[in-house]
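Letter by letter, the sequence shown follows residues -22 to -1, 1 to 341 of mature numbering (1 follows the signal peptide of the UniProt record, and there is no 0).
Idealized CB from N, CA, C, for every residue including glycine.
One structure is given here, and the rest of the page talks about it.
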Amino acid sequence: MHRKTWAWLPCTLLCAPAVATAGSVTLFGLMDTGLDLSSAGGPTTARMQSGQYAGSRFGLRGTEDLGDGLQAVFVLENGLNSDTGVAGQSGRLFGRQAYVGLSGRAGALTLGRQYSPLVSVAFQMDAFENGMAPQFPNLGLYPGGERIDNAIKYTSPSFGGLTMAAMLALGERSTAPRAGDDSYGINVHYASGPMRLVAAYGVRKFASAAALGEVVKPVVVLPNVVTNGSITTYMAGSNYDFGPFALYGGYQRQRIADDVYFGRIDQDLYTLSVAVPVGKAGRFLAGYTFLNDHSPAQLDASLFGFGFVYSLSRRTSVYTSAAWLNNHNGAGNVIGGNTSPGLPLAYPGANARTIQVGLRHAF
């Protein structure tokens, strides 16, 4: 990734008499645009999409050296749709990340809008890097979203390859249920040579049935009434680079609880994928995911697909993927990309098919 770095602006421009210390601000970004040919129980539809492999974005990150190994850090990251120029994340200015914190030998403490602890674990479980049509998050679930507002996050230093992160996010409610919209989670990573082991736990609480219905898969339209709803997620996975190929696998358990509409529903997800180097610049990918739904409706689903990525340079790559999704008993899952939406089903339980091709450039 090419970075542009500037020294801190002169204090006259900052309109403050303080003396500037060593630090830097880096402009970074990524543009991902491609074509998608999909069917979901109806006519085949061609679309131009942003974020099939990775979400398009630009941002600023910076550090200031405070001495004795301590740094001030910040990130402001905007998500956008490169096919239209429209802002992503519901139009937020910095919808991907917006946080400030301190980082040192004892770890990092950051405050603001940040990734859930589940996200980095999901990434290590998937050869597709949570992108393109075959990615397992098409059937998986982050409790309340992959990014969390009002979050306090601690990330530890590495202890012999072992790191952990913990997050608490405040719902900021002054009326009952007071804990509604709170969330918390933790993850653990272990790296040793070619092996990675990961695990995570997360809970998101909901003050209204409508908010809970928006994040379950498939989406359920519910009235905006007070409820004691929550989603609890457990994840565990690993990957191992054998040389000729790398194998990825993982398990995810999702528990949806609600005192009015859902009762309690448990879902188990199993995913397995492989990455095979092709020449010096190519990678062939293949994966399979199965979702076992334990609700009375038994809304199971399975997803199979493959992909190919070719690096034109360190910062630019082309990619293609294809995926087949089978919904059972009226399940409503769709095939999307990293941030690109899936084609809506023509009817509940329809199966979906997708072919993608695209270009990704980082700067």
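Leaving aside the five residues before and after residue i along the sequence, list all residues of the same chain whose C-beta is less than 6 Å from its C-beta, in chain order.
i	result
residue 297	31, 287, 336
residue 254	223, 262
residue 36	7, 56
residue 127	91
residue 14	25, 27, 334
residue 146	130, 162
residue 74	35, 55, 57
residue 246	231, 270
residue -9	Model confidence at residue -9 stands at a pLDDT of 39, short of 50, so the residue's coordinates are unreliable and nothing is read from them.
residue 133	85, 86, 143
Tell me whether residue i is buried or exposed, calling it buried when 16 or more other Cβ atoms sit within 10 Å of its Cβ.
i	result
residue 197	exposed
residue 320	buried
residue 20	exposed
residue 172	exposed
residue 279	buried
residue 137	exposed
residue -13	With a pLDDT of 38 at residue -13, under the threshold of 50, the modelled position of that residue is not reliable, and the figure given next carries that caveat. Exposed is the call here.
residue 258	exposed
residue 76	buried
residue 342	Only positions -22 to 341 of the chain appear in the structure, and residue 342 is not among them; the question remains open.
residue 176	buried
residue 316	buried
residue 290	exposed
residue 174	buried
residue 220	exposed
Determine the contact status of residue i and residue j, defining contact as a CB-CB distance below 9 Å.
i	j	result
residue 16	residue 242	no
residue 318	residue 105	no
residue 238	residue 209	no
residue 99	residue 88	no
residue 310	residue 299	no
residue 207	residue 244	no
residue 123	residue 193	yes
residue 52	residue 40	yes
residue 118	residue 22	no
residue 191	residue 199	yes
My understanding is that residue i touches residue j, with C-beta atoms under 8 Å, so please give their C-beta distance in whole angstroms.
i	j	result
residue 60	residue 10	7 Å
residue 129	residue 80	With 8 Å as the limit, residue 129 and residue 80 do not qualify as a contact, their Cβ atoms being about 15 Å apart.
residue 267	residue 114	4 Å
residue 277	residue 116	At roughly 14 Å, the Cβ-Cβ gap does not stay under 8 Å, so residue 277 and residue 116 are not in contact.
residue 201	residue 187	6 Å
Residues in the same chain with beta-carbon distance under 7 Å from residue i, minus the five sequence neighbours each way, listed in chain order, please.
i	result
residue 159	149, 151, 183, 184, 185
residue 328	18, 19, 305
residue 42	-2, 1, 49, 50
residue 325	19
residue 283	111, 112, 265, 299, 300, 301, 302
residue 12	27, 30, 334, 335, 336, 337
Spatial neighbours of residue i within its chain, please: C-beta separation below 8 Å, excluding the five flanking residues on both sides.
i	result
residue 72	37, 54, 55, 56, 91
residue 135	83, 84, 85, 141
residue 153	none
residue 139	168, 169, 170
residue 47	82, 83
residue 101	107, 108
residue 294	337, 338, 339, 340
residue 307	275, 276, 277, 278, 327
residue -11	Only weak support is given to the placement of residue -11: the predicted model assigns it a pLDDT of 35, under 50, and the value that follows is read from those uncertain coordinates. So no residue of the chain qualifies.
For the ligand PLP, I want to know if residue i counts as a neighbour, meaning its beta carbon is within less than 8 Å of at least one of the ligand's heavy atoms.
i	result
residue 260	Annotation note on the ligand PLP: not contained in the displayed structure, which lists no ligands.
Okay, do the stretch 95 to 102 and the stretch 163 to 170 touch, 3+ Cβ pairs below 8 Å being the bar? yes
The stretch 104 to 120 touching the stretch 262 to 282, judged by at least three CB pairs closer than 8 Å: yes
The stretch 226 to 234 / the stretch 203 to 218 touching (three or more Cβ pairs under 8 Å): yes
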